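Here my numbering is used: position 137 in the sequence shown is 1000, and no number is missing along the way.
For glycine and all other residues, C-beta sits at the position ideal for the given N, C-alpha and C.
Please read all numbers here as calculations on a predicted model, not as lab measurements.
Take a look at the structure set out below.
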Amino acid sequence: MAVARKPRYVDVTNPSLSVDCPRCGLRTARFVDHCRNCGYKLWPSSEVASAAFQAWRDADSSRATASRFDLELPPPPGDLTIDYAARAHELGIHIFPNSNYPFVICAGALFLALAAIPFPSGTFRIVLAVIGGLIFLYGVVGWVLVEDVRMFPSDAPESHGEAHR
Ligand SMILES: [Zn+2]
864 MAVARKPRYV
874 DVTNPSLSVD
884 CPRCGLRTAR
894 FVDHCRNCGY
904 KLWPSSEVAS
914 AAFQAWRDAD
924 SSRATASRFD
934 LELPPPPGDL
944 TIDYAARAHE
954 LGIHIFPNSN
964 YPFVICAGAL
974 FLALAAIPFP
984 SGTFRIVLAV
994 IGGLIFLYGV
1004 VGWVLVEDVR
1014 MFPSDAPESH
1024 GEAHR
């Protein structure tokens, strides 16, 4: 490795990605060769600054995703799993529970649609309409009145999380 590419001195124990410029006093990226605010030369060259950054970055595994153009380390990758049901409840959004009842409702709707076909026999259509209506109502009641109420015992808006809005 060429001598000139080695960093002169890097305090790798200092976790900061930013530094106060010695000339203007404003905060700037620590491993960029020029101060962002006044152009003061913090490092002899961009290569030296880059080498210093790499030495600093390799000193700690938590710095692996850091960019030398940032002022702060990126936040650690958190758990990206989102509980949409809990989130919706928090925001006061009503979402329907996961349910098989919509299929029952569709089956009922199928019979109701068949009843709408002008068959010659009126009784047949009434039977179809009754069967369809019962299945349809069973689905609606099961979905909206039973499962939904079980999942959301009270849809009254919660007091927490509302004060600051
Ligand atoms: Zn400056």
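Just mark L967 as buried or exposed, buried being the case when its beta carbon has 16 or more other beta carbons within 10 Å. First, the amino acid is wrong: residue 967 is Val here, not Leu. By the 10 Å Cβ count, V967 comes out buried.
Which residues neighbour ligand 1 when neighbourhood means a C-beta less than 5 Å away from any of its non-hydrogen atoms? List them by chain order. After applying the 5 Å Cβ criterion, the set is C884, R886, C887, C898, N900, C901, Y903.
Output the distance between the C-alpha atoms of L976 and F999, rounded to the nearest integer angstrom. First, the residue type needs correcting, since residue 976 is Ala and not Leu in the sequence shown. One C-alpha to the other measures close to 11 Å.
Mind checking who T891 pairs with in its DSSP beta bridge? Residue pairing by DSSP places T891 opposite V882 in a beta bridge.
Does the beta-carbon distance from G1002 to G971 come in below 7 Å? Pairing G1002 with G971 gives a Cβ-Cβ distance under 7 Å.
In the DSSP output, which residue or residues are listed as bridge partners for H897? Looking at the DSSP assignment, H897 forms a beta bridge with K904.
Reduced DSSP secondary structure (H/G/I, E/B, other) of P937: It is coil, neither helix nor strand.
Using a Cβ-Cβ cut-off of 7 Å (strictly less than) and excluding sequence neighbours within five positions of H988, which residues of its own chain qualify? Looking at the sequence itself, residue 988 is Arg, so the reference to His does not match. Residues of the same chain with a CB within less than 7 Å of the CB of R988, apart from the 5 flanking positions on each side, are A978, F982 in chain order.
Three-state secondary structure assigned by DSSP to S962: In the structure shown, S962 sits in coil (DSSP, three-state: anything other than H, G, I, E or B).
Among A922, N961, D874, nearest to V1009 - alpha-carbon criterion: Cα-wise, what sits closest to V1009 is N961.
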